[in-house]
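In mature numbering (1 follows the signal peptide of the UniProt record, and there is no 0), the protein residues as written are -28 to -1, 1 to 248. One structure is given here, and the rest of the page talks about it.
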Amino acid sequence: MKKTKMKIMSLLLSMVLFLFVPFLNLQAAADHPARLVDQAELLTAEEQQQIQAKLDEVSELHHCDAVVMTVNSLEGKTATEYADDAFDYDGYGLGEDKAGILFLVDMGDRNWATSTHGYAITAFTDAGLSYIEEKLVSYLGDGEYAEAFNCFAEQCDRFLTQAETGEPYDVDNMPQEPFAYAFWLVVCLAIGFVIALITASIKRSKLTSVVKRTTAEEYMKKDSLNLTVKQDRFINKVVTSRPVPKNDNDSHSGGGGSSTHVSSSGEVHGGHSGKF
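Listed below in structure tokens is the structure:
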């Protein structure tokens, strides 16, 4: 009888947890600040919905917030200060280390900034951020804001996926662009082939007095050489050696990793800033 009651209690508890845990997850999602804050009103309602969904998906998949924020004024702060404070005081960051990256666009003076925190500092190195920012600024300069923010979400997914392998993108390990690589490889091969063909044609045109011989004897003047003794004799051996310099700092020779600074709240952040 007691065993039956215990089984029933366990079953009821499991059912309660099964129903209650999704509610907790939904509540946590509802309490989390929006990952797209478009105060400058750069996006249509449809674009906002689509980009918000993509940022949420990337953030939850990798347990690292990916946030986009647009404003019309920095309120007397630098772009970096504003981005850091927005991340710290608005409640962004997932996990114990509050991992996340925030991309800020200020339309007042056309500033932009990236702010990384927690695990995102490792996942987005200085070289990696520069790679992403170059793409984003190109879109911003052309007024293609939706494309810029979609690109940001896609690159966050790409960089976080790579970081999870244990080797984040960095100076000696940057993303490869397959189309560009193949294109320039074909171009280089074609140029090399044309140069070789031209060089061979020029050299061939200069050999007007040369007649092809069929045997080696035809290249010798008759009766000009008469060998009476043939002998191979080893004279000496010369060996030249030189030391190969060793680079003791090979793993850091490229100056990779992430530079950091401390925000007004005392938190450590990485990131860059600039204008578009």
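Built from N, CA and C at the ideal position, the CB exists for glycine as well.
query	result
So, using beta-carbon positions, are residue 147 and residue 103 closer together than 8 Å?	yes
Just the C-alpha distance for residue 23 and residue 227, rounded to the nearest angstrom, thanks.	34 Å
Count the other CB atoms, across all protein chains shown, that sit within 10 Å of the CB of residue 5; report buried if there are 16 or more and exposed otherwise.	exposed
Locate the alpha helix (DSSP H) running through residue 120, then write down its first and last residues.	117 to 135
Between residue 240 and residue 114, what straight-line distance do the alpha-carbon atoms span, to the nearest angstrom?	33 Å
Contact defined as beta carbons within less than 8 Å: I believe residue 245 pairs with residue 98. What is the distance between those atoms, to the nearest angstrom?	So it is not a contact: roughly 13 Å between Cβ atoms.
For the alpha helix (DSSP H) containing residue 88, list its first residue and its last residue.	That residue, residue 88, is in no alpha helix (DSSP H); its beta strand (DSSP E) goes 83 to 89.
Buried or exposed for residue -13, going by 16 or more other Cβ atoms inside 10 Å?	Note on residue -13: pLDDT 43, under 50, position unreliable in the model; the coordinate value appears next. Exposed: under 16 other Cβ atoms inside 10 Å.
Just the C-alpha distance for residue 142 and residue 242, rounded to the nearest angstrom, thanks.	14 Å
Who are the Cβ neighbours of residue 123 in its own chain at under 7 Å, not counting the five residues just before and after it?	107, 108 and 111
Would you mind sorting residue 236 into buried or exposed? The rule is 16 or more other CB atoms within 10 Å of its CB.	exposed
I need the DSSP call for residue -13, collapsed to helix, strand or coil.	In this predicted model, residue -13 has a pLDDT of only 43, less than 50, meaning its place in the structure is not dependable; the value taken from the coordinates is given anyway. Looking at residue -13 - three-state DSSP - the assignment turns out to be helix.
What's the call for residue 11, buried or exposed, on a 16-neighbour Cβ count within 10 Å?	exposed
Would you list, in sequence order, the uninterrupted beta strand (DSSP E) runs of no fewer than 3 residues that lie entirely inside the stretch 19 to 61?	37 to 43
Name the two residues that bound the continuous alpha helix (DSSP H) containing residue 113.	98 to 113
Quick check: residue 39 and residue 61, are their CB atoms within less than 8 Å of each other?	no
What are the start and end residues of the beta strand (DSSP E) that includes residue 78?	72 to 78
Quick check: the stretch 131 to 138 against the stretch 40 to 57, are at least 3 beta-carbon pairs closer than 8 Å?	no
Return helix, strand or coil for residue 3, following the three-state DSSP convention.	helix
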